[in-house]
Amino acid sequence: MTEHRLAQAGEASGKESAEKAEDGGLGAPLMRLRGVTREFPAGDGPVAVLKDVNLTIRAGEMVAIVGPSGSGKSTLMNIIGCLDQPSRGSYQVLGRETRAMQPDELARLRREHFGFVFQRYQLLTGLTAQDNVEIPAIYAGLGAAARRARSARLLERLGLGERLAHKPGQLSGGQQQRVSIARALMNGGSVVLADEPTGALDSHTGEQVMQILQELNAAGHTIILVTHDAKVAAHARRVIEIADGRITRDSAAAAAPPAAPASEAPPPKAGLAAWLMRLREAARMALHAMLSHRMRTLLTMLGIIIGIVSVTLVNAIGEGAKQQILSNISSIGTNTISIFAGSGFGDRRADAIRTLSAADAAALAEQPYAHSATPQVQTSVTLRMGNQEKTATVSGVSAEYFNVRGLTLAAGVLFDESSVKNLALDAVIDDNTRKTLFPDGGNPLGQIILLGSVPARIIGVTAKEKSNFGFNSGNTVWLPYTSVMGRLTGSQVLQNISVRVKDGYTTHYAEKQITELLTRRHGSKDFFTSNSDTVREMVEKTTFTMQVFISSIAVIALVVGGIGVMNIMLVSVTERTPEIGIRMAVGARQADILQQFLIEAVFVCLLGGLLGIGLAFGLGWVLERLSSEVHLVFSANAILLAVACSTFIGLAFGFWPARSAARLNPIDALSRQ
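Counting in this note's numbering, the sequence shown runs from 486 upward without gaps.
Set out below in structure tokens:
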């Protein structure tokens, strides 16, 4: 037993000695890999690209990882740079185990410690050289002024001071690689990871890039190169050879590394100010992406525009129709209650009821809630003038009738209370009767007409009614109700009484009092009432129901538009996967990616909503010019609702694509071209 324990102690001591030897006896390593294996799924089972890799890298080293294609060197670099994670084994950075880190913690490592230089540069084509260099600092929370100054200094240091505003397509391969190096140094870049940094360059430009990397190493940056070129590897102080996923040679003892540098980058900011800054930059990048793909953005907005136009126009047409109808109702009597004989409209026994009289109207006019009471009786007669004979309706009313019903004069005067008392045959005709009797436009005032066999003198002509509510295309003549009852019908029974309610009294209260008064006078309730508020409520309820119904159809159009936004955003995520990979490689958090795509979806829908509202106003203007009968009323509430709907749809339908983008694995995203 004692021998066994001694053997275990000996093995542990041997391992410790080996690790000290590997570390060169220089203290804690910057990065340490122990038993790292990386497997990828394949048809017949997982394929191991890295197998039990043990490696230690100290600060300030310049390491070249060499090997043939397929040997696993790029996979090793991706694991070192926290773009990928091992299937098994341990990888520690500054003593911390990376497998235990959350995605945002890994993003922080990439943002604050690592800088990547890719073989194919991996620059965002829509941004300038300076904008590309600034990306890591945006996610680090560095202010705009500090970012601009630092990125300009880095590019000038690398010989690109005159190329700050040039886009990648306007730069040579060597210049693009220098931009990539500047980006790697933006947040300090204490560890620069270069994957085949000269692979896409000619030999002269490649030498220049290697010279820059050597200068960075001399300044204290840790440089890790991945290459298959022995000449490139010769620039490094330490060369690690890898074949078939295993390290076959490590020249670690060739030279002692220099001391680690102090960070050149300003310290990253935190807190609300940094979050607001990132939000503002995400909004700016979202707008840039929309402008860079104008046609795709327009097609994405199309469904939203159609839905918003539908919602806004339907609401405006419905509101306009409602206001027009309510205006028409008001034009035939504001706060008016009408009393009819019988139990309701269509009552066949109404003609036999003889209790509704002028005395009832007089009694109602004396009530405190009544502004005026207007009796009415109608009869149909043959209207004669000269050699013309027409059928006309003679309506006997009081002098207050025209005020109660909102009728105005086009010419002449109205009869007054003295005409009512004296049973005068003073006639007021409507515009239809004027056109019938005087087709050539003659003056009707003072002319004598025969109502049956009774002569009457025209004293006034009412203006044409703007309202079509209760419109009568026949000929109407108004006489004092006493004249009609005494000279035409010979009956003292009224057909209806209209009561105008005083301001300050509700129609509900007045209607209740009228019912009680007339019931007492008649001994029974042989009448019914109708008021404009009842009709108004019915119209409002009907128009509201129709608006809800039609708006539901419009909302369906909005939802369909939202689904279109989601589909195109998903396509956009697929198209922009390499961009997402680049942003993640330079330190973007999952929340940063989610935020950018979500803001873009909201902007698309919000802009689509605003365009839809503008188009709805334009179409409304055209409709009103094409037809005078069409009246649209655009309400602020409807417009705000439309904008809110478009924003909500952007959030709701943009979340899934944005979430999909945020959850991409950085190395998977970078590998898709």
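Each residue gets a CB set at the ideal place from its N, CA and C atoms; glycine is no exception.
Backbone CA spacing between residue i and residue j [nearest angstrom]
i, j, result
"Arg517", "Ile542", "6 Å"
"Thr560", "Ser688", "25 Å"
"Leu1079", "Thr785", "19 Å"
"Ala844", "Asp1011", "16 Å"
"Asn820", "Leu841", "21 Å"
"Val713", "Pro682", "With the sequence shown as reference, residue 713 is identified as His, and Val is not the correct amino acid for it. Cα to Cα, the separation comes out at about 11 Å."
"Val532", "Leu568", "19 Å"
"Ala1121", "Glu1085", "26 Å"
"Gly684", "Gly691", "8 Å"
"Tyr966", "Leu1125", "53 Å"
"Val866", "Phe887", "22 Å"
"Arg769", "Gly646", "24 Å"
"Gly566", "Ile550", "14 Å"
"Met586", "Arg734", "30 Å"
"Gly926", "Thr893", "19 Å"
"Ala631", "Ala622", "9 Å"
"Ile982", "Val1044", "53 Å"
"Ser1145", "Leu515", "33 Å"
"Ser828", "Ile1048", "56 Å"
"Gln577", "Phe599", "14 Å"
"Gly945", "Phe900", "8 Å"
"Ala1076", "Glu1109", "48 Å"
"Phe601", "Leu535", "21 Å"
"Gly1008", "Arg972", "30 Å"
C-beta atoms of residue i and residue j nearer than 7 Å
i, j, result
"Glu902", "Ser857", "no"
"Gln604", "Asp680", "yes"
"Leu1100", "Gly1139", "no"
"Val548", "Arg779", "no"
"Gln662", "Pro653", "no"
"Gly897", "Leu930", "yes"
"Val913", "Trp963", "yes"
"Ala669", "Val618", "no"
"Ala1154", "Thr1062", "yes"
"Thr947", "Asp915", "yes"
"Gly545", "Gly705", "yes"
"Ile793", "Ser1131", "yes"
"Val984", "Leu849", "yes"
"Ala1073", "Tyr606", "no"
"Ile1098", "Thr797", "yes"
"Leu649", "Ala614", "yes"
"Ile824", "Thr974", "no"
"Gly574", "Arg519", "yes"
"Gly626", "Ala771", "no"
"Phe1119", "Ala637", "no"
Unbroken beta strand (DSSP E) run spanning residue i, endpoints
i, result
"Pro940", "939–947"
"Ala595", "The question names Ala, yet the displayed sequence has Arg at residue 595. No beta strand (DSSP E) holds Arg595; the alpha helix (DSSP H) holding it covers 588–597."
"Asn960", "960–965"
"Asn539", "532–542"
"Leu698", "Unbroken run through Leu698 is the alpha helix (DSSP H), 688–703; no beta strand (DSSP E)."
Residue span of the alpha helix (DSSP H) that contains residue i, given as start and end
i, result
"Thr707", "Careful: Thr707 lies outside any alpha helix (DSSP H), inside the beta strand (DSSP E) at 707–712."
"Lys558", "558–565"
"Gly574", "Gly574 -> not in any alpha helix (DSSP H); beta strand (DSSP E) instead, spanning 573–578."
"Met970", "Unbroken run through Met970: none, as it is neither H nor E."
"Asp1153", "1151–1156"
One or two residues paired with residue i in a DSSP bridge
i, result
"Thr991", "Paired residues: none, contrary to the question."
"Gln861", "Val882, Asn981"
"Leu841", "In the DSSP output, where bridge partners are listed per residue, Leu841 has none listed."
"Arg734", "Glu726"
"Thr867", "Thr876"
"Gly897", "Gly945"
"Gly600", "Val677"
DSSP three-state assignment for residue i, whether helix, strand or coil
i, result
"Lys1010", "coil"
"Tyr854", "coil"
"Leu670", "helix"
"Val1115", "coil"
"Ser665", "helix"
"Ser1120", "coil"
"Ser1131", "helix"
"Gly626", "coil"
"Gly891", "coil"
"Asn1016", "strand"
"Ala614", "helix"
"Thr1000", "helix"
Residue i beta carbon near the ligand FMN (any heavy atom closer than 6 Å)
i, result
"Gly792", "This structure does not include the ligand FMN; it has no bound ligands of any sort."
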